[in-house]
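Residue numbers (the working numbering): 15 to 292. Note that the Cβ used here is the ideal one computed from N, Cα and C, for glycine as well. Predicted model only: the values in this text are computed from it and were never measured. Below: the structure, in structure tokens.
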Ligand code: AMP
Ligand code: MN
Ligand code: MN
Ligand code: MN
């Protein structure tokens, strides 16, 4: 896995990452990253806190967010890069997502309780530490109580697709998030297209819809993407005249499979979001 001087997909304690934004940027700097986006799930509070703190670093930080949305029944993630963090519609959207995620957390706790587990709501909220709450905080709460051996097992037994804690909610539509990112003068990147458990034909359909709706780029460089996947994604970038992006999707220094700035590179032949941002 190559180390890069940019990383356009990272998470902090403002969502389900384990490093505070100020620590994350320090670690990224140590890893040789020069240009980074903090792309927390459905939150820009980490980015805003960093900027407000007047942090100093050799890294150039650009604004970012990873927005959860839905195309038909499929939940997908769209990374927004270099957006106007003060944009009103974007901020209303983020506030709505705070509410949606808290309502979902309550529903997850209820469902798991009905399945015989203790009420995990307060424990999960504690684990989220004031950041955007998500399923990984329930996984951590289960782990803290010794009810699972690791987070993976928590997803496998309780939180993953089709399990009791996988509560369906009305995420905003793909069209809406693409529109908001565009209005906020950002670039949209369809995150990790091969990680939704879709067949290649369905990935092609997703990308076609995404492009039709005005999406800008596909993530082509990310952990666990295979050479075959990259070949298919590169063809889709070219077919739909999109750009390509890359990032580590870093969450936790204990996850040995991700490191800041470390991810399979984006093929040189593709137009890169780096060139649109610099
Ligand atoms: P949420 O956005 O609350 O639905 O949570 C999704 C997050 O859970 C992802 O961004 C990953 O960080 C994490 N996640 C998803 N699936 C797994 C899994 N099988 N094992 C561990 N973490 C997972
Ligand atoms: Mn995550
Ligand atoms: Mn994601
Ligand atoms: Mn992510």
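- Item | Residues near residue 32 in its chain [Cβ-Cβ closer than 6 Å; skip 5 each side] | The residues are 266.
- Message: Given a cut-off of 9 Å on the beta-carbon distance, is the pair residue 251 and residue 227 in contact?
- Response: No, these two residues do not count as a Cβ contact at 9 Å.
- For the 8 Å Cβ check, are there 3 or more pairs between the region 70-90 and the region 199-213? Look at the beta carbons and you see the region 70-90 touching the region 199-213: at least three pairs across the two are nearer than 8 Å.
- Query: For residue 190, which of helix, strand or coil comes out of DSSP?
  - Reply: Here residue 190 sits in helix by DSSP.
- Item | beta-carbon residue 165 near ligand 1 non-hydrogen atom, thresh 8 Å | Checking every heavy atom of ligand 1 against the Cβ of residue 165, one is found closer than 8 Å.
- Query: Start and end of the beta strand (DSSP E) containing residue 241?
  - Reply: Where residue 241 is concerned, there is no enclosing beta strand (DSSP E), although the alpha helix (DSSP H) it sits in stretches over 241-253.
- For residue 259, which residues of its own chain have a beta-carbon under 6 Å away from its beta-carbon, when the five flanking residues on both sides are left out? 22, 203, 231, 233 and 287.
- Message: Considering only heavy atoms of ligand 2, does any lie closer than 8 Å to the CB of residue 150?
- Response: Under cutoff, so the answer is yes.
- Message: Using the three-state DSSP reduction, which class does residue 292 fall into: helix, strand or coil?
- Response: Of the three classes helix, strand and coil, the one that applies to residue 292 here is coil, per DSSP.
- Message: Comparing C-alpha positions only, which one of 72, 238, 99 and 104 sits nearest to residue 62?
- Response: A check of alpha carbon separations from residue 62 across 72, 238, 99 and 104 identifies 99 as the nearest.
- Item | At least three beta-carbon pairs within less than 8 Å, the region 83-96 to the region 106-125 | Contact between the region 83-96 and the region 106-125 is absent, because fewer than three Cβ pairs lie under 8 Å.
- Item | Residue ranges of each beta strand (DSSP E) within the region 87-124, 3 or longer | The DSSP assignment places complete beta strand (DSSP E) segments of no fewer than 3 residues inside the region 87-124 at 88-95, in order along the chain.
- Give me every residue whose Cβ sits closer than 5 Å to any heavy atom of ligand 4, in chain order. With the cut-off at 5 Å, the residues found are 80 and 263.
- Message: Just to confirm, is the Cβ distance from residue 262 to residue 146 under 9 Å?
- Response: Pairing residue 262 with residue 146 gives a Cβ-Cβ distance that is not under 9 Å.
- Message: Suppose you measure from the CA of residue 249 to the CA of residue 72; what does that come to, to the nearest Å?
- Response: Using only the alpha carbons, I get a separation of about 35 Å.
- Task: Starting from residue 232, follow its DSSP beta bridges and name the residues at the other end.
- Result: 204 and 258.
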